Every structure is written in structure tokens, then in C-alpha cells.
Amino acid sequence: MIDVLTPLALAETVDLLTSPSDITGVLIEGLAKGSLYLMIAVGLTLIFGLMDVINFAHGAFTMYGAYIAGVAVLALGVGSMGFVGALGTFFIIMIAVFVLLAVLGVIFEVTLIRKLYEYPPIFMILLTFGITITMEELMRMIVEFRDINSGQWDIGWDAPRQSSLPSELGGTTEIGFVNFTGLQLMQISMGVAVLAGIWAFLNKTRYGLFVRAGVEDEEMARALGIDINRTFTAVFAVGSGLAGMAGVMLMWDPLWDVNVPLALAVLLPAFVIVIVGGLGSFKGTVVASFLVGLIDALGTWAFQTGVIQFTDIDQLMIFAILVVMLILRPRGLFGVKGQGDHG
Amino acid sequence: MSAETQQVDSGRFPSWIGQYLRDHLLLAVIVVLFAVYPFLYDFLTGQFGLTAQMILPRTRTMLTILALGLFAMSFDFISGYTGYLSFGHAAFFGIGAYLVLLGHNGQLPVVPAETSFMLLLLIGALIAVVAAFLIGLISFRLSGVYFAMITLGIAEMMYVASNNWAFLTPGESDPTEGVAAGSPSEIGFFEPALGVPFVESLQVEIGPFGDEEIFGIAVGDPQIVSYLMIGAVVLLCYLTMKRIIHSPFGRVMIAIRENEERAKAIGYNVFYYKMGAFMISAFFGAVAGALFVGYEGAIDPENSFFFLVTGFALVAAIIGGLGTLAGPFFGYIFLEGVEEFLSREGGGGGLQPFLEQNLPGAILDTDILGLTINEALSAFMTGHGDFYAGIIFIIFVLYVPIGMLGTLRNRYGTDSLAKYVSAGVEKRLSSSDGETPATGDD
Chain A
1 MIDVLTPLAL AETVDLLTSP SDITGVLIEG LAKGSLYLMI AVGLTLIFGL
51 MDVINFAHGA FTMYGAYIAG VAVLALGVGS MGFVGALGTF FIIMIAVFVL
101 LAVLGVIFEV TLIRKLYEYP PIFMILLTFG ITITMEELMR MIVEFRDINS
151 GQWDIGWDAP RQSSLPSELG GTTEIGFVNF TGLQLMQISM GVAVLAGIWA
201 FLNKTRYGLF VRAGVEDEEM ARALGIDINR TFTAVFAVGS GLAGMAGVML
251 MWDPLWDVNV PLALAVLLPA FVIVIVGGLG SFKGTVVASF LVGLIDALGT
301 WAFQTGVIQF TDIDQLMIFA ILVVMLILRP RGLFGVKGQG DHG
Chain B
1 MSAETQQVDS GRFPSWIGQY LRDHLLLAVI VVLFAVYPFL YDFLTGQFGL
51 TAQMILPRTR TMLTILALGL FAMSFDFISG YTGYLSFGHA AFFGIGAYLV
101 LLGHNGQLPV VPAETSFMLL LLIGALIAVV AAFLIGLISF RLSGVYFAMI
151 TLGIAEMMYV ASNNWAFLTP GESDPTEGVA AGSPSEIGFF EPALGVPFVE
201 SLQVEIGPFG DEEIFGIAVG DPQIVSYLMI GAVVLLCYLT MKRIIHSPFG
251 RVMIAIRENE ERAKAIGYNV FYYKMGAFMI SAFFGAVAGA LFVGYEGAID
301 PENSFFFLVT GFALVAAIIG GLGTLAGPFF GYIFLEGVEE FLSREGGGGG
351 LQPFLEQNLP GAILDTDILG LTINEALSAF MTGHGDFYAG IIFIIFVLYV
401 PIGMLGTLRN RYGTDSLAKY VSAGVEKRLS SSDGETPATG DD
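Quick note, the sequences are listed as chains A and B, same order.
If you count by the working numbering, then the first sequence holds residues 1 to 343, one letter each, in order.
If you count by the working numbering, then the second sequence holds residues 1 to 442, one letter each, in order.
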């Protein structure tokens with residue numbers, strides 16, 4: 001299938017190993033991608049860990065976040081604000097999207113998902129799958145109807161990025177032999193911030209304690225007077241909000257297209273990460289995100305330098321990781337049989 | 001046919017045929033209804049015009065339903081009966097579909113170009129069986145969500161490959177656009193013929209430009225000929241799968257679903273049974289793919305290997321009833337029927353043209369929030385069938401989790417396996433916790 005290992009490949013691979021700027025380039029790109037993946041997948045992990053819900057609608061939330069951010073960026077005229085103003089507005093939009101999608105998550109949890117907790121877990125997959133079909137098609141209607149991106153729902157909408165991404169973020173900085181873009185730096189710092197935030201939420205807050213207790217032993221937590229149902233709602237809201245936030249980040253990243261198929265394009269790698277890390281394990285998700293990010297970056301590098309001439313090599317490799325991991329360690333990196341863990 | 005059912009008894013055929021038909025009167029009636037459907041559709045649309053067009057799915061839609069319905073049944077065969085959710089089932093559909101076209105275009109090793117359709121169909125199905133064997137070898141070490149995800153991962157790899165692999169489309173065309181029959185121009189016409197392999201006289205050519213008669217009986221329209229022939233193959237596949245389900249092998253499959261540990265403890269080697277079931281369902285999944293391209297003459301990755309192909313088989317299986325075999329087929333009809341009713345695709349009927357013609361112009365031109373009702377109708381009721389499908393699906397999952405056929409069999413079925421199966425599903429649903437879930441009327 002990959003019939004195109006040209007003689008060039010060897011020389012290029014040696015180049016990668018000997019050229020420090022290539023190595024750091026791939027590393028930084030991998031970290032940036034890993035941070036994005038972390039933002040996408042962490043909500044999925046939280047929801048699964050506590051509620052045993054495999055949330056197929058997660059990607060749709062990300063897609064909604066990206067579209068809302070795109071519309072907001074264009075409507076507010078972020079492009080003409082200057083660097084600090086643009087960045088500030090961007091973060092405000094991000095918080096607004098978080099809140100909006102968290103509210104949407106609460107609505108879904110209370111009206112639909114709550115009814116199925118007693119059913120076998122497969123029904124949760126079915127329900128959220130139904131939600132994602134409906135949400136995607138609704139967005140398609142809106143895109144066609146409101147003439148967003150000239151009504152093209154399956155082609156990337158890059159007008160918001162082109163008009164609003166500050167040149168400070170788009171340009172490349174060079175320190176010694178290390179090349180990086182401002183955007184990569186921002187993505188990595190966002191990833192670290194989300195990581196720290198979730199860690200603090202789980203380990204330092206009272207609600208985080210409830211969540212961990214619920215994961216550990218739901219019935220015992222109930223017996224001790226913790227309102228698990230409300231904790232479920234809260235965690236679903238946080239997970240949905242995080243998915244939306246990731247969408248806002250993707251809006252600025254040139255490697256991702258803002259379109260309706262984004263929902264699935266995001267969902268499938270997120271599943272891979274969550275499963276490779278071990279279902280429900282926060283630690284595992286963090287490790288798997290960066291692992292997948294690095295491999296993705298390596299694949300992209302291999303394609304760009306012409307080692308492999310296969311357009312979607314990164315996607316192919318992501319699913320290959322899933323298959324190989326499930327063969328080697330069927331429960332993922334940090335998965336535990338039965339319940340997931342947070343640590 | 002029910003009149004014929006009585007005649008059969010009179011000795012021209014072995015008596016078991018008569019007995020079988022009497023036992024399966026309902027099945028026979030449904031089959032006859034399906035067989036006369038295209039003629040009925042033509043008659044009714046001729047008689048009642050737009051009203052009939054609005055309600056009934058077109059023959060063209062029914063053709064697609066036949067192939068995809070068979071796929072949904074093959075999905076149910078593994079997922080509904082052994083409880084292993086095969087989330088990458090689209091892989092087998094894709095293998096069946098692609099193999100027919102690649103074989104016809106002469107791109108396969110060993111197989112010469114323009115090999116007959118029946119042969120390619122069988123080769124594709126056998127390759128799917130081999131693929132299922134390999135996939136099962138690694139996947140059946142896992143269960144539950146992990147099994148679903150590893151099959152999904154493998155199918156997605158195939159999807160990515162089919163999107164990028166230049167081998168599939170020689171020449172300059174883009175693999176994402178799909179493969180069409182006869183794409184290198186020296187290849188002859190794609191003339192798929194269904195029937196008995198190697199016997200020319202027992203085959204009927206299907207496709208939009210196929211035969212107009214079946215074994216000498218003039219039907220008139222190639223579309224109807226294709227419908228009847230594909231329908232016959234689907235019926236054959238259904239009966240085969242049903243036979244397997246009702247055999248001891250099938251009972252072990254159900255035992256695996258109900259309690260795998262116990263099945264193992266009794267002494268069954270569950271791994272063999274799971275593999276066997278998976279391979280059988282892959283076979284029929286690939287046949288469905290081949291039948292699909294048999295009429296379409298082209299396929300693209302989006303319609304074959306893509307995750308949503310499995311997704312909609314799952315939707316159909318839930319609506320019709322998981323673990324009822326025929327249920328997913330009827331689920332597909334229901335789904336497509338509703339989609340076509342609520343959203344116009346291409347030149348199809350549905351509610352929108354009906355309203356457009358029958359509502360007075362004053363209402364159509366009423367302005368709400370800057371757009372007329374007419375514009376709103378065409379915006380929300382053209383090509384957005386999936387939206388309504390999603391809503392219907394959610395309603396079914398919440399309120400009718402055992403599906404249409406499951407409910408029917410539960411209520412009206414005799415003391416049969418089907419009843420036992422549906423009751424089992426329901427019992428599992430309600431017994432997993434003390435509280436009784438709100439399952440509506442069942």
C-alpha cells in the first residue's frame with residue numbers, strides 16, 4: 001500500500017535524526033498537536049470515567065464551538081483589533097463558547113441522557129449517535145440557509161482565520177536552531193492550562209472530590225449523601241464545554257477545516273486517544289494525547305518532506321496506533337478493568 | 001400467492017414445501033407484497049398522482065433499500081445475536097462493492113477484466129470472509145466497547161486507504177471521487193447479470209440499462225427487473241441467515257449474547273462460534289455491497305467504507321429491532337420512507353412538492369423573519385433527511401428500545417424463538433437496575 005518509499009527516504013530520515021531544527025520542529029509540532037488533542041479528548045474521558053457514557057456527540061460539540069467562534073470573530077471584527085485586543089477577544093469568545101455549550105450539555109443530560117442510565121451502555125452510544133446526526137444536519141441547514149462560507153458545509157471555512165489570526169501568531173520565530181510559530185506556543189500553553197485546570201478541579205476542589213468518589217464507588221458516594229445525579233450533570237456540562245473550547249482553538253489552526261465533517265474528524269482521533277490511554281483514565285488520556293500528537297506530527301513531516309507520498313498518512317497512523325495498542329494492551333496504557341481511574 | 005399456497009399441496013411439489021408455506025404464510029404474503037410493489041406504485045401514482053407520490057417511496061429508493069437493508073441484516077446477524085457490536089461493518093460492504101468494480105475494470109491480479117458479475121460477487125464475499133477471519137483474530141480477544149472500537153479503527157484505516165490509494169483509480173482521477181465501472185476506456189460495458197453462476201441462460205442482466213424481461217416474462221422496465229432480481233437475492237440471503245439463526249449454531253450465538261461465561265462453562269468453544277458468526281455476516285455484508293454497485297455501477301469511499309454507513313445500519317437495526325434479523329430491513333424501509341417523505345432528494349416525491357402545489361399562494365408567500373414559507377419549506381425539506389432520521393432514532397432509543405419488529409413479535413408473536421429473544425432483550429433492559437426504565441408502551 002505504501003509503495004512509495006523512495007531512495008530519497010533514507011537520506012531524509014537520516015536528515016531528521018541529524019538535523020536539530022528538524023527534530024525540534026517535529027517535537028514542537030507534536031506537542032502543539034498533542035495539546036489540541038488533549039483539549040478535545042479530555043472531556044470525553046471525564047464523561048466516560050464518571051458516567052460510563054461514550055459520548056458520540058462530543059465531536060459535534062467541537063464543531064459547534066468552531067462555527068460559533070468563527071461567526072463571533074467575524075461579527076466582532078477581531079481582525080482590526082491589534083494583537084492584544086485580538087487575543088483578549090479570542091479568550092472572551094472561548095469562555096463564552098464554553099458556557100454556551102456547557103448549557104447545551106446540561107439540556108441534553110437532563111432531557112435525554114439521564115433517562116438511559118439504567119440501560120446497558122450500548123444504548124448510550126446509540127443515543128449520543130442520534131444526537132450527533134441531528135446536530136450535524138442542523139448545522140448543515142444553518143450553514144446552507146445563512147449562507148455561511150457560501151453555503152458550502154463540507155469545505156473548510158477559513159475566512160475567520162484569515163481575517164482574524166494576528167500576524168504575531170502566524171509568523172515563525174527562530175531562537176537558535178529552534179523554529180516555532182506563535183500559534184504553536186499558544187496551543188501548547190492552552191493545553192498545559194487545561195491540563196492544570198482539570199487536575200486542580202479533580203484534586204483540589206470539593207466538586208472534584210465528588211467526581212472522584214463517584215468514579216470510585218457510585219453507590220457508596222450516594223450513601224454518603226453526595227448528589228451523584230447533579231455531579232453527572234456538572235461533569236457532562238464541563239465535558240461539553242471543553243469540547244467547544246477545543247473547537248474555538250481549531251478555528252485558528254490552519255491544519256483543521258471548520259466544516260460539518262469536522263465533527264467526525266475530531267471524534268475519531270479523540271476515541272483513539274481515550275482508548276489508547278485507557279478508558280476513563282485522565283492520566284492515560286494526557287499521555288496518549290501527546291503520543292498521538294507526536295506520531296501525527298511525524299507523519300505530517302514524512303509526507304511534507306516526501307518520504308511517504310500518501311496524503312492522509314497521519315490519519316492512517318492514528319488508527320494504526322489504536323489497533324496495535326489494543327492488540328498489545330487490550331485495556332489501553334493506564335486502563336483498569338471495569339471502572340476508570342483518575343490520577 | 002396465498003391461493004397458490006393451497007395449490008402446492010396438491011402433489012406437484014414435495015409436501016414439505018406446502019407445509020413450509022403454510023407455516024410461513026405471513027412471510028409469503030410479505031414477499032408477494034414486495035414483488036408487486038413496483039407495479040402497485042406505478043398504478044397508484046397513475047391513479048392518485050402527487051398524493052401517492054408523496055407517501056410511497058419510489059421504486060428507485062426501494063432498490064437502494066434492498067441492498068442497504070441486506071447490509072443492515074448482516075450487521076444485525078453479528079451485533080444483534082452475539083452481542084458483539086461490529087462498528088466497522090462497513091469494511092465488508094466496501095470490500096464487496098469495490099471488488100466487483102475493480103474486477104470488472106481488470107485491476108485485480110489473476111482475475112481477468114470483465115469477469116462475470118456473479119463470479120465477482122462471490123469472490124468479493126469470500127475475500128470479505130477472509131478479511132473477517134483476520135479482523136476477528138485480533139478483535140475477538142476483546143469485548144464490549146473495545147471490540148466496537150477496534151473494528152471501527154480497522155474500518156477507518158480502510159476508509160483512509162480507499163480515499164488515497166491511487167491504485168484504485170488508474171489514470172489521473174482522484175480516489176476520493178470513487179471508482180466507476182469501465183473507467184479505463186478500453187474496458188467494455190458493465191453488464192451485471194444476477195442468477196446462477198456460469199449458466200448464461202439462468203442469468204438476468206440488472207442495472208439501469210439491463211434486461212426488460214425475466215426468463216422470457218416481459219416486465220417492461222429494467223428498473224423493475226433489477227428490483228425483482230436483487231430482491232430475490234436478498235430474500236435468499238435472508239432465508240439463509242434465518243436458517244443459521246434457527247440452527248444449533250444460532251442458538252449458541254444467542255447463548256453468547258445472553259451469558260458468554262455460561263456458554264463457555266457448558267463446553268462450547270465460544271471463540272469458534274463468534275468467528276463463524278462474524279465471517280458469515282461479513283459474507284452477506286459483502287454481497288450487499290456487490291448488489292449495491294450492481295445497480296449503481298459506481299462507488300465512492302463515502303458510501304462504502306465510511307463510518308456512517310455502519311452508523312445508518314445501526315440506526316435501521318434499532319428502529320426495526322436489534323436481534324430480529326428481518327427488523328433492520330423494515331427499519332431501513334421506515335427510515336428511508338420517512339426521509340423521502342420529509343425531504344426531497346433529487347426528483348423524488350415527498351411532502352414539500354405536495355405542499356408547494358396544494359397550499360394557496362398567499363400562505364406560501366407569507367413572510368416570516370425575512371423569508372417566505374415557500375423558501376423555508378425548500379430549505380428545510382430538501383436533502384436534509386438525516387436530520388429527521390436522527391430525531392426518529394432518538395425517539396426510538398428512548399421509548400421503543402426493542403424496535404418495531406421486536407415490539408410486534410413481543411405482542412403478537414407465537415411462542416417462538418423470536419418471542420423468546422425479544423422478551424430476553426426486554427428483560428435485560430429492565431432488570432439491570434431496580435427501577436423500571438420508562439420504555440413507553442412496551
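Don't be surprised by glycine CBs; every beta carbon is placed ideally from N, CA and C.
Values in this document were obtained by computation on a predicted structure and should not be read as measured data.
Within the stretch 144 to 165 of chain B, the residues whose Cβ lies closer than 8 Å to some Cβ of chain A are Gly144, Val145, Tyr146, Ala148, Met149, Ile150, Leu152, Gly153, Ile154, Glu156, Met157, Val160, Ala161, Asn163, Asn164 and Trp165, listed in chain order. In terms of beta-carbon proximity, valine 323 of chain A lines the interface with chain B, with at least one pair separated by less than 7 Å. The residues Tyr159, Ser162 and Asn163, in chain order, have a CB closer than 6 Å to that of proline 301 of chain B in the same chain once the five nearest residues on each side in sequence are set aside. For a Cβ distance threshold of 7 Å, residue set Gly390, Phe393, Ile394 and Val397 of chain B lies close to glycine 130 of chain A, ordered along the chain. Taking 8 Å as the upper bound on Cβ-Cβ separation, chain B lies near residues Leu264, Leu268, Phe271, Val272, Ile275 and Leu279 of the stretch 262 to 295 of chain A. Non-local C-beta neighbours of glutamate 296 of chain B in its own chain, meaning closer than 7 Å and more than five positions away in sequence, are absent. For the 7 Å CB-CB criterion, alanine 286 of chain B and alanine 113 of chain B do not form a contact. Beta-bridge pairing by DSSP links glycine 195 of chain B to B/Gln203. Judged by DSSP secondary structure, valine 324 of chain A falls within the alpha helix (DSSP H) whose first and last residues are 313 to 328. Per DSSP, the continuous alpha helix (DSSP H) segment holding threonine 310 of chain B begins and ends at 307 to 320. Listed in chain order, the alpha helix (DSSP H) runs fully inside the stretch 95 to 166 of chain B are 117 to 139 and 144 to 164, counting runs of at least 4 residues.
About 5 Å separates the beta carbon of leucine 142 of chain B from that of proline 330 of chain A, a gap short enough to meet the 8 Å contact definition. Uninterrupted alpha helix (DSSP H) stretches at least 4 residues long and entirely within the stretch 75 to 159 of chain A occur at 82 to 111 and 121 to 146, given in chain order.
In this structure the stretch 305 to 315 of chain B touches the stretch 66 to 74 of chain B; the number of beta carbon pairs closer than 8 Å is three or more. From the beta-carbon of proline 330 of chain A, the residues of chain B found nearer than 7 Å are Arg141, Leu142 and Tyr146. The three-state secondary structure of glutamate 336 of chain B, taken from DSSP, is helix. Histidine 104 of chain B is outside the set of residues whose beta carbon lies under 7 Å from a beta carbon in chain A. Contact between glycine 289 of chain B and serine 304 of chain B holds: their C-beta atoms lie close to 7 Å from each other, under 8 Å. For isoleucine 131 of chain A, the closest alpha carbon among the candidates A/Gly171, A/Ala57, A/Leu195 and A/Gly77 is that of A/Ala57.
By the neighbour-count criterion, in which a residue is buried when 16 or more other Cβ atoms sit within 10 angstroms of its Cβ, tryptophan 301 of chain A is buried. Pairing alanine 155 of chain B with alanine 218 of chain B, the inter-Cα distance amounts to about 42 Å. Taking 7 Å as the CB threshold, aspartate 300 of chain B stays off the interface with chain A. Bounds of the alpha helix (DSSP H) holding threonine 240 of chain B are 222 to 246. Taken atom to atom, the span from the alpha-carbon of valine 238 of chain A to that of isoleucine 318 of chain B is near 30 Å. As computed with DSSP, isoleucine 214 of chain B is found in a beta bridge with B/Ile217. Taking valine 178 of chain A as the centre and dropping the five residues before and after it, the same chain places the C-beta of Thr24 closer than 6 Å to its C-beta, in chain order.
Contacts between glycine 88 of chain B and chain A, judged by CB atoms closer than 9 Å, are missing: the closest CB pair is about 10 Å apart. Sequence-distant partners of glutamine 162 of chain A (beyond 5 residues in either direction) whose C-beta falls short of 7 Å from its own C-beta are missing from its chain. B/Phe329 is the residue among B/Val36, B/Pro38, B/Phe329 and B/Phe341 whose C-alpha sits nearest the C-alpha of glycine 406 of chain B.
Across the structure, isoleucine 395 of chain B and asparagine 55 of chain A are spaced so that their CA atoms are roughly 18 Å apart. Neighbours of histidine 246 of chain B in chain A, taken as residues whose beta carbon is under 9 Å from its own, are absent, since the nearest beta carbon is some 25 Å off.
No Cβ-Cβ contact shorter than 7 Å links isoleucine 65 of chain B with isoleucine 299 of chain B. Within chain A, not a single residue places a beta-carbon under 8 Å from that of aspartate 174 of chain B; the smallest gap is close to 10 Å. For histidine 384 of chain B, at least one C-beta of chain A is nearer than 7 Å to its own C-beta.
According to the DSSP secondary-structure assignment, isoleucine 299 of chain B is paired through a beta bridge with B/Val179.
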